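Numbering (this note's numbering), first residue to last: 19 to 373.
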């Protein structure tokens with residue numbers, strides 16, 4: 019598929035921004051996202067999707083990030099789709115991808131165990147039973163498992179870690195919402211007690227497929243972080259221009275100017291990093307995973323900084339529950355750990371460059 023033009027990207031950004039502007043973040047816009055083709059953005063055309071790439075995904079993610087979109091877009095339309103494409107299971111793709119694109123099916127991917135948000139090389143969750151496998155174990159930090167109609171679970175097997183499809187409403191499955199700092203990122207603990215499962219993709223390829231899916235899905239997470247950081251920066255800027263103290267706008271005070279300037283630098287640098295990684299990933303440029311790792315560490319830290327400084331600029335009102343400033347800091351803290359901590363990504367960067 020040819021690279022999108024600037025006009026095409028501008029039109030895509032405008033369409034998503036207009037939808038987010040006219041609807042409350044708490045409204046159910048899932049059907050509208052499907053009608054606009056956004057749920058099938060990464061789904062190949064043969065399965066009823068748009069067959070778009072990482073650059074378009076980054077544009078959509080930025081606009082969803084600006085409003086802290088709470089729906090399961092990242093878990094279903096991004097991570098779930100990327101995992102199925104990495105597994106290359108034609109039967110599963112034919113059954114599920116058109117349903118995702120049409121907005122009729124939501125999926126979740128369960129891989130993290132213990133206190134880590136990265137896939138374990140040797141999962142404690144295990145599948146046994148040969149041709150009719152059952153899965154037992156526990157997964158943590160499962161994004162949007164509470165609203166999913168299908169779970170993809172990484173579990174150990176005789177051939178090694180593999181991906182299995184499990185019905186979250188089926189026997190042996192317990193989904194428990196987790197209480198986290200960000201109420202808009204709905205994470206769950208999922209327990210499996212001999213839950214009936216179906217192998218998806220080649221046996222023993224779970225770690226490789228999931229790592230590839232997480233890398234491509236991280237482009238969306240970076241876009242969300244960059245878009246949200248820019249939105250928080252603009253929120254602080256506008257407040258500094260309109261809030262008066264001692265007869266003058268607080269933005270005229272040097273200390274506030276410095277904070278706003280630092281926020282601008284961090285937010286715009288995050289946008290640049292996110293867009294660079296999306297373009298490099300779309301072109302499959304050599305060393306793009308090293309750039310990805312560094313961008314994940316930087317964008318996580320930048321978003322946290324901007325979110326915290328935004329509250330400082332707002333002063334007392336910024337600490338209140340009613341003001342939206344705290345929601346951006348909460349999302350920043352959550353995103354910084356979602357696909358691995360900043361320190362984990364920095365370590366990966368050093369490994370990727372052979373340091």
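The C-beta atom is built at its ideal place from N, Cα and C for all residues, glycine as well. Source: prediction; values computed, not measured.
Same chain only: Cβ atoms within 8 Å of residue i, ignoring 5 sequence neighbours per side
i, result
"residue 34", "54, 56, 77, 78, 81 and 82"
"residue 215", "145, 151, 152, 153, 171, 173, 182, 183 and 184"
Supposed close pair residue i, residue j - CB separation, criterion 8 Å
i, j, result
"residue 259", "residue 269", "5 Å"
"residue 144", "residue 134", "Not really, about 18 Å apart at Cβ, beyond 8 Å."
"residue 61", "residue 119", "5 Å"
"residue 296", "residue 97", "Not quite, the Cβ-Cβ distance comes to about 16 Å (not below 8 Å), so this is no contact."
"residue 29", "residue 59", "Actually they are not in contact, since the Cβ atoms of residue 29 and residue 59 sit about 14 Å apart, beyond 8 Å."
"residue 169", "residue 195", "That pair is no contact at about 15 Å."
Boundaries of the alpha helix (DSSP H) in which residue i is found, first to last residue
i, result
"residue 102", "99-105"
"residue 352", "343-356"
Buried or exposed (CB count within 10 angstroms, at least 16 for buried), residue i
i, result
"residue 332", "buried"
"residue 275", "exposed"
"residue 201", "exposed"
"residue 181", "buried"
"residue 321", "buried"
"residue 45", "exposed"
"residue 40", "exposed"
Coil, strand or helix - residue i by DSSP
i, result
"residue 277", "helix"
"residue 305", "coil"
"residue 28", "helix"
"residue 143", "coil"
"residue 53", "helix"
"residue 194", "strand"
"residue 220", "coil"
Residues of its chain near residue i, where Cβ-Cβ distance is below 6 Å and the 5 sequence neighbours each way are ignored
i, result
"residue 51", "57"
"residue 367", "308, 311 and 312"
"residue 341", "335"
"residue 203", "352"
Close beta carbons around residue i, own chain, < 7 Å, minus the five adjacent residues each side
i, result
"residue 234", "72, 100 and 299"
"residue 326", "347"
"residue 360", "315, 318, 319 and 354"
"residue 165", "90 and 124"
"residue 48", "89 and 121"
Beta carbon proximity, residue i to chain C, threshold 9 Å
i, result
"residue 149", "The question asks about chain C, but that chain is absent: this structure has only one protein chain."
The beta strand (DSSP E) enclosing residue i, as first and last residue numbers
i, result
"residue 170", "168-173"
"residue 180", "180-184"
"residue 126", "125-128"
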